[in-house]
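Below is one structure; the comments refer to it alone.
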Amino acid sequence: MAKQAPIDDVSIGGEMIRLGQFLKFAGLLDSGGMVKEVIADGAVMVNGEVELRRGRQLAVGDVVGFDGRRARVCP
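Residue 147 in my numbering is what sits at position 53 of the sequence shown, and the numbering runs on without skipping anything.
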């Protein structure tokens with residue numbers, strides 16, 4: 095069984111953030127173009143499931159995974 099990556103807590107300073115914004119804010123990706131591409135390719139997970147909507151609203155406690163890294167939305 096593969097070991098899961100540790101989860102980094104990322105404070106967003108509020109209650110909600112869109113997935114595309116969070117990927118950049120958390121440092122998982124550098125640009126909006128890259129965000130759009132990797133989400134469309136099905137490479138981003140939210141709470142363990144593939145997410146294809148860049149505008150998905152994330153709430154505190156959601157865990158986003160990409161490229162072997164994971165980040166949790168914190169207030």
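A virtual CB, placed ideally from N, CA and C, is assigned to each residue, including glycine.
Being a predicted model, the structure only gives us computed values, none of them experimental.
Asked: Please classify A134: does DSSP put it in a helix, a strand, or coil?; Found: helix
Asked: Just to confirm, is the Cβ distance from A165 to A120 under 7 Å?; Found: yes
Asked: Bridge partners for A153 per DSSP, in chain order?; Found: M110
Asked: Which one or two residues does DSSP pair with G159 in a beta bridge?; Found: M139, R164
Asked: Closest to I111 by C-alpha separation, out of V144, G142, V157, would be which residue?; Found: V157
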